[in-house]
Amino acid sequence: MNSLLLTPELFSGEGGIARILRLYLKALCEISGDKDRVRFLSLNDSVVDSIELRRYSSSALAEWRVCNRRKLEFCLAARRMCAESDRVICGHVAQLPVVWLASRMNRRFTYYVVAHGIEVWRPFSCLERRALKGARRIICVSDFTQNQLLERCDFLAGKTVVLHNALDPYLDPAMTRVASKGPPVILTISRLSSADNYKGIGHLIAAMPSVRAVFPDAKLRIVGRGDGLRELQSLSRRLKTESAVDFAGYLSDAELAGEFERCRLFALPSQKEGFGLVYLEAMAHGRPCLGARSGGVPEVITDETGVLVEYGDVPGIGAALAGALAREWNAEPILERARLFSYSRFKVRLASLLST
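Structure representation (structure tokens):
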């Protein structure tokens, strides 16, 4: 069995899609037999770090190629690599038409597509609909994403399946150290892009005055980078919350582990999360989470592991943040929730889906 993973990016991306597709690569390698081969093709990556590659692959990985955002190169490589494959896992719906066109030239391979979130919560073109119809399975990361897709493409009934995202095995809850309760630090991690203002970072900043009325030493720690940073910094100045808000910039995974350990609460009141992998990463450190009652987030956060708020309700967010900081959380149910989304379960489920 020759398997090919097509992906927007694996190692240069900072978001949840790149993180979960690394696990698809790892799982494909680990479920391969002695004579099976795995390859991947990435559109946006320019180089592949050998250490990272070894972490997420095995001797089953026979070939990889990165295109440094060169779309024509990606399309030509995809056509060749698809023709040499038995099955193709398309990591993003934007690349699905390329796979479908390759399948018209070579009907030898079957293909699957991963549906993450907002990229499939929309109407589709005729070409996209034909490409979706030709897939063996559409793997949805949450029930919400599956329902959104089926509302727009009811002809896919019977083809969609739900495979929840999983924790990176290097963030296994059994391996993390749950720090003792520290200062009232609220951590949030997100791309700070102007196109991603639905993430609710501005709402967290706006909620800080009410949080500080209860916890005068409370801090909001914002990790991330992007073209929306200046706008958020300007908002903080207008609201006179500079002393309450820290902009930490981009941090490595090792540095993020320290941030999770030092915070008391993780918060991301986003409107359009297909799943919300970052909440699980916080839970793997025993930290409760605040999220919006929207998208796939309610499938991740429970009453024992955090609180849900209405998107955009700044007073409600402020009250919920203060309440969560005051609450005595039991770390064990939080860790147990994270364990339900383990990589080992994900791998077994993926193997089952690809074999039917």
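Position one of the sequence shown corresponds to residue 861 (our numbering), numbered consecutively onward.
Glycine included, every Cβ here is placed at the ideal spot set by N, Cα and C.
Where the beta strand (DSSP E) containing Tyr971 begins and where it ends:
Thr970 to Ala975
Within 10 Å of its beta-carbon, does Glu868 have 16 or more other beta-carbons around it, so buried, or fewer, so exposed?
Residue 868 is actually Pro in this sequence, not Glu. Pro868 is buried by the Cβ-count criterion.
Could you compute how far the alpha carbon of Ala887 sits from the alpha carbon of Ala1144?
20 angstroms
When we look at the beta-carbon of Lys1100 and count the other beta-carbons within 10 Å, is it buried (16 or more) or exposed?
exposed
Kindly indicate which three-state DSSP category Cys889 falls into: helix, strand or coil?
helix
Once DSSP output is grouped into helix, strand and coil, what is the label at Leu1052?
coil
With which residues is Ile1082 paired in a DSSP beta bridge?
Thr1048 and Phe1107
Just tell me which of Asp894, Ser1050, Glu874 and Arg930 has its CA closest to the CA of Leu901.
Arg930
Helix, strand or coil, according to DSSP, for Ala1067 in the structure here?
helix
Smallest Cα separation from Pro1043: which of Leu961, Leu1185, Gly873 and Glu890?
Leu1185
Taking Ser863 as part of the alpha helix (DSSP H), name the residues at either end of that continuous run.
Counting along the chain, Ser863 falls outside any alpha helix (DSSP H), though it belongs to the beta strand (DSSP E) covering Asn862 to Thr867.
Whole angstroms are fine: how far does the CA of Asn904 sit from the CA of Glu1170?
35 angstroms
For Phe1015, which of helix, strand or coil comes out of DSSP?
helix
I need the straight-line Cα distance from Leu1150 to Leu1010, nearest angstrom please.
28 angstroms
Is there contact here, the stretch 879-898 with the stretch 914-924, by at least three beta-carbon pairs under 8 angstroms?
yes
Start and end of the alpha helix (DSSP H) containing Phe1120?
Asp1113 to Arg1122
So for Glu923, helix, strand or coil by DSSP?
strand
So Leu1080 and Ile1065 are in contact, right, with Cβ under 8 angstroms, and what is the actual spacing, rounded?
7 angstroms
Are the C-beta atoms of Pro1129 and some chain C residue less than 7 angstroms apart?
Annotation note: the requested chain C is absent from the structure, which comprises a single protein chain.
Reduced DSSP secondary structure (H/G/I, E/B, other) of Ala1152
strand
In the DSSP output, which residue or residues are listed as bridge partners for Ala1127?
Leu1150
With DSSP run on the structure shown, which of helix, strand or coil describes Leu870?
coil
Just how far apart, CA to CA, sit Tyr1139 and Glu1192?
16 angstroms
Using beta-carbon positions only, say whether Val973 and Leu987 come within less than 7 angstroms of one another.
no
For Arg882, I'd like the list of residues in its chain whose CB is within less than 6 angstroms of its CB, leaving aside the five on either flank, ordered along the chain.
Leu870 and Tyr916
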